[in-house]
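Beneath this line is the structure, given in C-alpha cells, with notes to follow.
Number of protein chains: 2
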Amino acid sequence: MPVGLEPEALAQLDAMITSQTRFKKGEILYRAGEPFTALYAIRLGSCKTTVLAEDGREQITGYHMLGDIIGLDGIGTERHACEAIALEDTQVCALPWDRLEELARAIPPLQHNLHRFLSRDIGRDQSMMLMLGSMRAEERLAGFLLNLSERYQRRGYSSTEFVLRMTREEIGSYLGLKLETVSRLFSRFHDEGLIQVQGRSVKLFDLTALRQLAGYRC
Amino acid sequence: MPVGLEPEALAQLDAMITSQTRFKKGEILYRAGEPFTALYAIRLGSCKTTVLAEDGREQITGYHMLGDIIGLDGIGTERHACEAIALEDTQVCALPWDRLEELARAIPPLQHNLHRFLSRDIGRDQSMMLMLGSMRAEERLAGFLLNLSERYQRRGYSSTEFVLRMTREEIGSYLGLKLETVSRLFSRFHDEGLIQVQGRSVKLFDLTALRQLAGYRC
DNA sequence: CGGCCGCGTTGATCTGCCTCAAAGCGGTGC
DNA sequence: GCACCGCTTTGAGGCAGATCAACGCGGCCG
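Chain order of the listed sequences is A and B. Per this note's numbering, the very first residue in the first sequence carries number 1; after that it's consecutive. Per this note's numbering, the very first residue in the second sequence carries number 219; after that it's consecutive.
In C-alpha cells, the structure reads:
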C-alpha cells in the first residue's frame, strides 16, 4: 500500500494506523455479517477467508500472507462478507476505512494503490473461478502450488521449498476438492517426482512440469 | 454510480462521458490484454465477460446488464484481465479512468460509489466461488435463476418471467457445467413443476423450492 | 506410560456429471 | 418451398472425483 508515496504522505498513513493486533492460530479476525470498519494489513503470519453457505458448507475464498490486505469485500455492504481466520500466530494492523477514504482523496498515489488492491482482488477471484469452473483436480493443485511458490518468492522466501499452513481439508475447500483427493494428488505428484511432500513441508522439483500441468503455456 | 450525487457533481460526471458506443450481438467490447483506459457502463443490452486459460478453455466470469459497470478488473494491471462480449445489441458509455479517479478525489460520494462497485464485484465473485467450489449442479442452476430473477426485479422487470440471453453452453461455462447438463437440469426443473422453459424463455413457478434447492435458508 | 485426538494416507466402491452420439427444432437465405 | 446451421434435447455409457472405511502417526494430557 505505501509504495510510491511521498514522505509526508507516508507519515499521514502511519498516523492513521493506531492499532496492531495479534491473533493466535485459529482465532477469528472478523466474522461474516459483522459491521465493516477497517481493512487489515497482514504484518506477520497468514490467514484464510471463507464464505459460508446457509447450510453450513464453507468455501475458502482466499489464503493471505504478509503484506496482503484483507476485508475489501466489506466496503460495499458495510458488513464483512466473509470470515477471516488466522492459520498461525498472526499480526495485523487495522486501517480504518473512513480515514483511508479521506486520505485517498488527499493523496493521489494512495488512491491509486487502493484501487489497485481492489482491482487485483477481482482479478485473483476471477482466476480462481477459472480454476474451479474449468480445471481438473490435478490442474488445480498444480496451480495452487505454483501460486504459493510465486508469492513466497516475491516476499523473498524460497520459491521451491515451503511449509503449508493449511490442512489438506482447507486446501481442498479452497480448490473445490475433498481432502482425500488432495492427499492422493500430493502422493501422485510425489511419486512422479514433481514434488516432495512430507506432511506440510513441500519441495517443488519440477516447476516446468507443474506449469504444464496447471495449463500455463510458457 | 450517480446515486446520491449533488447536481453540480452530476454535471461533472456527465461532462466526463464523451462517447456512447453501440455493439451488435457477438461483438467484442474489449479483449483480455488490451490496455485499460476506461470503465464501461451498460446503458442497453447485456454482455458476458470471460477469462481464457492458455490452452483456450474459457470460463465466463460474469453476466452483466443495464446499469452494471464492467472493466474493473483492469485497473490493477492497466490491462483488461478478461474479454467482454455483447450478448445482444448493446450500448455502453465509456468512463475514462484517469478522469474518474480525479473526479472521485473531488467528489466524496462519487468516490464512495466507486468503492462500492469495486467491493461488490469482489463479493459477487466470492459467491460465485462458493457455487463453483461447493455446490452441486442443480444448486448452481437454481442459484443462477434466482440471481437473474433478483436482478431483473431490481430493474423493474418481471422477476418470474424473462428471456435468457445466453446459450446453454454459456450458462454451463458460467456455472462450471457442460451444456448437456444444463439442458437436462432445465428439463428436470420443468418436469418437477419448478419452472417452465421453452428455449430461452423461462418462467419461474416455485421460487421457494428454487431457493431451497439453491441452499438459501429463508 | 497409555489413550485420545487431529491430521494424513490409502483402498474399495459409488455416483454425478461428462462424453459421445443421434435426432429435433426454429430461423435464415436461396 | 427446401437445405442448412446453430442451438437444444435426449439417450447410453464411462470416468474423475466423492464417499465410506480402515489404519498410521505424532502430539498432548491425564
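Every residue gets a Cβ at the ideal spot worked out from N, C-alpha and C, and that includes glycine.
- Per the coordinates, the alpha-carbon of A214(A) lies some 22 Å from the alpha-carbon of Q344(B).
- Interface annotation, Y174(A): in contact with chain B, CB-CB separation under 9 Å.
- Taking 9 Å as the threshold, the shortest C-beta distance from E101(A) to chain B falls below it.
- Note on geometry: alpha-carbon atoms of T426(B) and I413(B) lie some 12 Å from one another.
- Inter-residue distance for L118(A) and D409(B) is about 43 Å (C-alpha atoms, whole angstroms).
- Within its own chain, the residues whose Cβ lies closer than 6 Å to the Cβ of L132(A), once the five positions on either side in sequence are excluded, are G176, listed in chain order.
- Among the residues of chain B, those whose CB is under 8 Å from the CB of T77(A) are S337, R338 and G341, following chain order.
- In terms of beta-carbon proximity, S183(A) stays away from the interface with chain B, with every pair separated by 9 Å or more.
- The beta-bridge partner set that DSSP reports for I288(B) consists of Y258(B).
- A distance below 7 Å between beta-carbons, with the five flanking residues on each side excluded, links A86(A) to the following residues of its chain, in chain order: F23, K24, K25, G26, E27, L29, G45 and C47.
- Contact annotation, L313(B) with L228(B): C-beta distance approximately 14 Å; criterion of less than 8 Å not satisfied.
- With contacts defined by Cβ atoms closer than 9 Å, L146(A) and L210(A) form a contacting pair.
- Taking the Cα positions, D424(B) is about 23 Å away from M346(B).
- Put simply, the segment 367 to 374 of chain B does not touch the segment 394 to 403 of chain B. Fewer than three CB pairs are less than 8 Å apart.
- For A32(A), there is no enclosing alpha helix (DSSP H), as DSSP marks it with neither H nor E.
- For E388(B), the closest alpha carbon among the candidates P253(B), V269(B), R323(B) and E357(B) is that of V269(B).
- Contact between the segment 97 to 114 of chain A and the segment 313 to 332 of chain B is present: 3 or more CB-CB pairs across the two stretches fall below 8 Å.
- Here A355(B) carries a helix assignment [DSSP, helix/strand/coil].
- For the beta strand (DSSP E) assignment, the uninterrupted runs of no fewer than 3 residues enclosed by the segment 81 to 116 of chain A are, from N- to C-terminal side, 83 to 86 and 90 to 96.
- Below the 8 Å Cβ cutoff, chain A contributes E101 as neighbours of H330(B), in chain order.
- Note: G62(A) is bridge-paired with T49(A) in the DSSP secondary-structure output.
- Assignment of L412(B) by DSSP, reduced to helix, strand and coil, places it in the coil class.
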